[in-house]
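Comments concern the structure below.
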Amino acid sequence: MKPALFDYVRPESLEETLKALSASDEATVIAGGQSLLPMLNLRIASAETLVDISRLRELKTLSETETTLSIGALVTHAAIEDGLGRDAFNGLLQKIASKIAYRAVRNMGTIGGSLSLCDPSADWPVCLLALGASVAIASLEGERCLPMEDFLVDAYTTALEQGELLVRIDIPKQGDCAWGVSKVNRKSGAFADSLAIAILGTDRQPARVALGGTASCAQLLAATSALLGQHPDIGADALSSAIATDVAAAHEEATPYQMRCHIHTVTCAIAEARSWSR
Amino acid sequence: MVEVKLTVNDQEEAVFVDARDSLSDLLREKLQLTGMHVGCDHGACGACTVHLDGTPVRSCIVLAARCDGSKVRTIEGTRNDAMMDIVRRHFHEKHALQCGFCTPGMLMMSIDIISRYGVPSENQVRSELSGQICRCTGYMGIVAAIQAAAREINGNGDN
Numbered sequence: 040m041k042p043a044l045f046d047y048v049r050p051e052s053l054e055e056t057l058k059a060l061s062a063s064d065e066a067t068v069i070a071g072g073q074s075l076l077p078m079l080n081l082r083i084a085s086a087e088t089l090v091d092i093s094r095l096r097e098l099k100t101l102s103e104t105e106t107t108l109s110i111g112a113l114v115t116h117a118a119i120e121d122g123l124g125r126d127a128f129n130g131l132l133q134k135i136a137s138k139i140a141y142r143a144v145r146n147m148g149t150i151g152g153s154l155s156l157c158d159p160s161a162d163w164p165v166c167l168l169a170l171g172a173s174v175a176i177a178s179l180e181g182e183r184c185l186p187m188e189d190f191l192v193d194a195y196t197t198a199l200e201q202g203e204l205l206v207r208i209d210i211p212k213q214g215d216c217a218w219g220v221s222k223v224n225r226k227s228g229a230f231a232d233s234l235a236i237a238i239l240g241t242d243r244q245p246a247r248v249a250l251g252g253t254a255s256c257a258q259l260l261a262a263t264s265a266l267l268g269q270h271p272d273i274g275a276d277a278l279s280s281a282i283a284t285d286v287a288a289a290h291e292e293a294t295p296y297q298m299r300c301h302i303h304t305v306t307c308a309i310a311e312a313r314s315w316s317r
Numbered sequence: 127m128v129e130v131k132l133t134v135n136d137q138e139e140a141v142f143v144d145a146r147d148s149l150s151d152l153l154r155e156k157l158q159l160t161g162m163h164v165g166c167d168h169g170a171c172g173a174c175t176v177h178l179d180g181t182p183v184r185s186c187i188v189l190a191a192r193c194d195g196s197k198v199r200t201i202e203g204t205r206n207d208a209m210m211d212i213v214r215r216h217f218h219e220k221h222a223l224q225c226g227f228c229t230p231g232m233l234m235m236s237i238d239i240i241s242r243y244g245v246p247s248e249n250q251v252r253s254e255l256s257g258q259i260c261r262c263t264g265y266m267g268i269v270a271a272i273q274a275a276a277r278e279i280n281g282n283g284d285n
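Order-wise, the sequence lines are chains A and B. Be aware that the first sequence starts at 40, since it is given in the numbering used here, and climbs by one per residue. Be aware that the second sequence starts at 127, since it is given in the numbering used here, and climbs by one per residue.
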């Protein structure tokens, strides 16, 4: 099927983009378009004006300071899969990127697009929530930063307001980072029924465990994270009970299958992180 | 209408498209390059895979307007390509197609897989092909053809 008619603009600069976005409350940003175009083609989404940001070269770079890794919103999954930022977080970003959809999609799809769409099963929101990242949001008024917890609001809902554009993701670096990833999906490349990412604490960051595939956006599992932070060697019984409590809160009215998937992925992600030889 | 100037199979083209037209519309409707097929029109099947600026993309979910200034290569542009000739021969020998609908996308993906992996393992080929759907269920032949072609192109390797 074809999308309904829309207008199309392709600004050459960030300022031009922000002007276009603030001029109309019917403007929709398109980055790689790998989620938005299927949704438009199936007519489950509609747009008055598409603002194509693919020419904003300044959003395609990765930079770092001693404490922070900054990823431009237009960096593609394939660029990360191919090694951009490979050394950070012991290869976690590369692992996540390489399992998103399919290569032809990863060549176009962007990390900022994935966050801005906030699909409940998407990979980056879970990963960046677990890493304690924050996002930089630009508008004509200037730039504001939000931690991932505040940026992700609900399924397909973020804190982005009219006239705003996600431009950058800032991730605090954390020494030797032990992580685990577990994903259940019905077919390679399909969206996750459940995705859990566990990152054990270091002297710079507390332990954080995040879950995707719920009815809402990616969720931080507070009780499990706190327990792992306070008692890194906590036994299986106490850990399972914290996981069960967190999962029930993260996905209300989950089916028994969904509950089993979530408990499985969270348990496996923590076990993998713990098996990391330091 | 939006004017799009792009290079398709080494030939410069200038066409007018609707903002909502996809790259697959541009190629099939405006340039009559019908070698690439459109299966699902929402990025699920991989039949419409072409190379955009050197990397494979699904042309049904790339806006034509966005391709202004880009280089596109379709299956028609791989005639007399040394690497594709080898891949095509192995597809023939291993019976890697039945109805042929998915084949142009499979071939465009194949040369990308061989370029990135050198001599990929069977698991790597299967994982990389997970986004290309063949409804004749001919995957065994396709996987075998890609592996055989990779070995001929890049040596045996023990990857």
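Think of the CB as a built atom: it goes at the ideal place given N, C-alpha and C, for glycine as much as any other residue. Predicted, not measured: the structure shown is a model, and the values here were computed from it.
- Query: Buried or exposed: where does H221(B) fall if 16 or more other Cβ atoms within 10 Å of its Cβ makes it buried?
  - Reply: Within the second sequence, the letter at position 95 stands for residue 221(B). So H221(B) counts as exposed.
- Report the rounded CA-to-CA distance for R132(B) versus A235(A), giving the unit in angstroms. Here residue 132(B) is taken as the residue at index 6 of the second sequence, counted from 1. Here residue 235(A) is taken as the residue at index 196 of the first sequence, counted from 1. First, the residue type needs correcting, since residue 132(B) is Leu and not Arg in the sequence shown. If I take the Cα positions, the gap works out to 42 Å.
- Closer than 9 Å to chain A by CB, E248(B): Numbered from its first residue, the second sequence carries residue 248(B) at position 122. For E248(B), the answer is no, since every Cβ of chain A falls outside 9 Å of its Cβ.
- Where the beta strand (DSSP E) through D46(A) begins and ends: Here residue 46(A) is taken as the residue at index 7 of the first sequence, counted from 1. Residues D46 to V48.
- Helix, strand or coil at L13(A) according to DSSP, with G and I counted as helix: The displayed coordinates of chain A run from 40 to 317. Any statement about residue 13(A) would go beyond what the structure contains.
- Message: Against chain D, does V128(B) count as a neighbour if the rule is that its beta carbon must be under 9 Å from one of theirs?
- Response: The structure shown contains no chain D; the protein chains it does contain are A and B.
- Message: Give me the chain A residues within the contact set of R101(B), using Cβ-Cβ distance strictly less than 8 Å, ordered along the chain.
- Response: Outside the shown range of chain B (127 to 285) lies residue 101(B), about which nothing can therefore be said.
- Say whether chain A places a C-beta atom closer than 9 Å to the C-beta of L178(B). As a first step, residue 178(B) must be located in the second sequence, where it is residue number 52. Output row for L178(B): interface = yes.
- Mapping DSSP to helix, strand and coil, what is E180(A)? Taking the first residue of the first sequence as position 1, residue 180(A) is located at position 141. E180(A): coil per DSSP, three-state reduction.
- Around the Cβ of I272(B), are there at least 16 other Cβ atoms within 10 angstroms (buried) or fewer (exposed)? Position 146 of the second sequence, counting from 1, holds the residue named residue 272(B). Label assigned to I272(B): buried.
- For chain B, is any of its Cβ atoms less than 9 Å away from the one on S221(A)? Taking the first sequence and counting its residues from 1, the one referred to as residue 221(A) is at position 182. No, no contact with chain B.
- Message: Just to check my reading of the structure: V128(B) and A208(B) have Cβ atoms closer than 8 Å, yes? What is that Cβ distance to the nearest angstrom?
- Response: As a working mapping, residue 128(B) is identified with position 2 in the second sequence. As a working mapping, residue 208(B) is identified with position 82 in the second sequence. About 36 Å; that fails the 8 Å criterion.
- Query: How long is the line joining the alpha carbons of D272(A) and S279(A), rounded to whole angstroms?
  - Reply: By 1-based counting over the first sequence, the position of residue 272(A) is 233. By 1-based counting over the first sequence, the position of residue 279(A) is 240. Spanning the two alpha carbons is a distance of roughly 13 Å.
- Can you give me, in chain order, the residues of the segment 67-84 of chain A that have a beta carbon less than 7 Å from any beta carbon in chain B? G72, Q73, L76, P77, N80 and L81
- Query: Buried or exposed: M187(A), going by 16 or more other Cβ atoms within 10 Å of its Cβ?
  - Reply: Position 148 of the first sequence holds residue 187(A). It counts as buried.
- Positions along the segment 134-163 of chain A whose CB lies within less than 8 Å of some CB in chain B: A140, Y141, R142, A143, V144, N146 and M147
- Message: I need the boundaries of the alpha helix (DSSP H) containing F217(B), first residue and last residue.
- Response: In the second sequence, the residue the question calls residue 217(B) occupies position 91. A208 to E219 is the span of the alpha helix (DSSP H), which, as asked, contains F217(B).
- Item | Neighbouring residues, chain A, relative to A300(B) (Cβ below 8 Å) | One cannot answer for residue 300(B) here, as it falls past the ends of chain B, which runs 127 to 285.
- Taking the Cβ atom as the reference point for each residue, do G104(B) and G161(B) lie within a distance shorter than 9 Å? Examination of residue 104(B) is not possible in this model, given that chain B is present from 127 through 285 alone.
- Message: Could you compute how far the alpha carbon of L260(A) sits from the alpha carbon of A66(A)?
- Response: Counting from one through the first sequence, the residue named residue 260(A) turns up at place 221. Counting from one through the first sequence, the residue named residue 66(A) turns up at place 27. Their backbone Cα atoms lie some 35 Å apart in a straight line.
- Inter-residue Cα distance where the pair is M298(A) and S221(A): Within the first sequence, residue 298(A) is the residue found at index 259, counting from 1. Within the first sequence, residue 221(A) is the residue found at index 182, counting from 1. Cα to Cα, M298(A) sits roughly 14 Å from S221(A).
- Thinking A118(A) and G151(A) are a contact (beta carbons under 8 Å), I'd like their distance in whole angstroms, please. Counted from its first residue, the first sequence places residue 118(A) at position 79. Counted from its first residue, the first sequence places residue 151(A) at position 112. The Cβ separation is near 12 Å, so there is no contact.
- Item | Extent of the continuous alpha helix (DSSP H) run through G171(A) | Position 132 of the first sequence holds residue 171(A). Per DSSP, G171(A) belongs to no alpha helix (DSSP H) and is neither H nor E.
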